[in-house]
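Residue numbers (the UniProt record's numbering): 1 to 324.
For every residue, glycine included, the Cβ atom is placed at its ideal position computed from N, Cα and C.
Worksheet: one structure, shown below.
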């Protein structure tokens, strides 16, 4: 827990120092440096405030949806020897022989899809623990995907939560990814936290503990997933890219790597369901979209913990991502 707290604080201290020096007159810098205690006190106050967590979103979509057990909604997909089911929960493990994954019993064309997840502490570089929607098995090489992925890390750095949307692609670096990445305002290895995707006909909303962290609006049919998808969970070795673009690899001296899932919540429109089916709302608002309070909470998260946004990457060809 101390490592996470120090990491979060150091991120904020760096932002604090950068902001202060950028706005100071040049003749004031030497005077400021002569008072390091004052500077550190100010930055500690800022970091303490930021470390408290986001403001309340005011509405909690998960509270409106009943929980289901693993067996009620899912089945093994691969690596059954690396799965351990217990009541309504499932633990997936990765070792040098195999990872593991599960798949929902039914495909959906919209809905709320959430689970409480607890991650492996310590050295997890190269390892990805995921919870995502995909139709890869129905459209191999031309599929859609909505991802929540936890990118493993070294012992001195926090996990990165990567959100992503693929439309008609395989995510093989030749296809367009729409990644936004975040640090978290808590240690995801200490306890279970709820991660969810709300996939509506008009937008996709990613949530952490019911706080929206990202929206992906439907600006055109060509940039939005519209075909039915299954829900998946998995743990696997992605050493070639997962941690600092492949700089750090999975080290099986630390095996097994374990991702734990529980308290599944699914409320979706089945692919073969009636056309009148509508997914849950993100808020009490009549439109079903986010309220101003939810937007404020999301802005706080993005302002304090977002570490990458594909729309702001100067190396990307943004003619390929018109939604930006």
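Whose CA, out of the options, lies closest to the CA of residue i?
i           : options            : result
residue 64  : 234, 269, 205, 282 : 282
residue 245 : 263, 126, 284, 102 : 126
residue 241 : 59, 102, 300, 149  : 149
residue 224 : 324, 238, 195      : 324
residue 263 : 59, 69, 52, 57     : 69
residue 248 : 153, 110, 111, 112 : 153
residue 288 : 202, 166, 222, 84  : 202
residue 309 : 230, 260, 177      : 177
residue 306 : 229, 156, 162, 279 : 162
residue 120 : 106, 104, 272, 158 : 158
residue 271 : 227, 258, 255      : 227
residue 231 : 83, 137, 61        : 137
residue 113 : 311, 52, 179, 134  : 134
If you follow the alpha helix (DSSP H) that residue i is in, where does it begin and where does it stop?
i           : result
residue 320 : Premise fails: residue 320 is in no alpha helix (DSSP H) and is neither H nor E.
residue 70  : 70-73
Can you tell me which residues form a DSSP beta bridge with residue i?
i           : result
residue 396 : Beyond the ends of the chain as shown, which are 1 and 324, falls residue 396; an answer cannot be given.
residue 89  : 86
residue 101 : 78, 234
residue 291 : DSSP lists no partner for residue 291.
residue 347 : Because residue 347 is not part of the residues shown, which for the chain are 1 to 324, the question remains open.
residue 134 : 145, 230
residue 67  : 265
Where do the ends of the beta strand (DSSP E) carrying residue i lie?
i           : result
residue 229 : Here residue 229 belongs to no beta strand (DSSP E), and DSSP marks it neither H nor E.
residue 193 : 193-199
residue 264 : 257-270
residue 116 : 108-118
residue 164 : 160-166
residue 151 : 145-151
residue 308 : 306-309
residue 204 : 203-208
residue 212 : 211-217
Exposed or buried, residue i, counting other C-beta atoms within 10 Å across all chains shown (16 or more means buried)?
i           : result
residue 80  : exposed
residue 314 : exposed
residue 31  : With a pLDDT of 38 at residue 31, under the threshold of 50, the modelled position of this residue cannot be trusted; read the value that follows with caution. Counting Cβ neighbours within 10 Å, residue 31 comes out exposed, since fewer than 16 surround it.
residue 75  : exposed
residue 277 : exposed
residue 19  : The pLDDT assigned to residue 19 is 39, lower than 50, so where the model puts this residue is not dependable; a value taken from the coordinates is nonetheless given after this. Residue 19 comes out exposed.
residue 303 : exposed
residue 322 : exposed
residue 105 : exposed
residue 156 : exposed
residue 103 : buried
residue 93  : buried
residue 71  : exposed
residue 111 : buried
Between residue i and the ligand NAD, is there a pair consisting of the residue's CB and a ligand heavy atom that are separated by less than 6 angstroms?
i           : result
residue 303 : Among the components of this structure there are no ligands whatsoever, and the ligand NAD is therefore not found.
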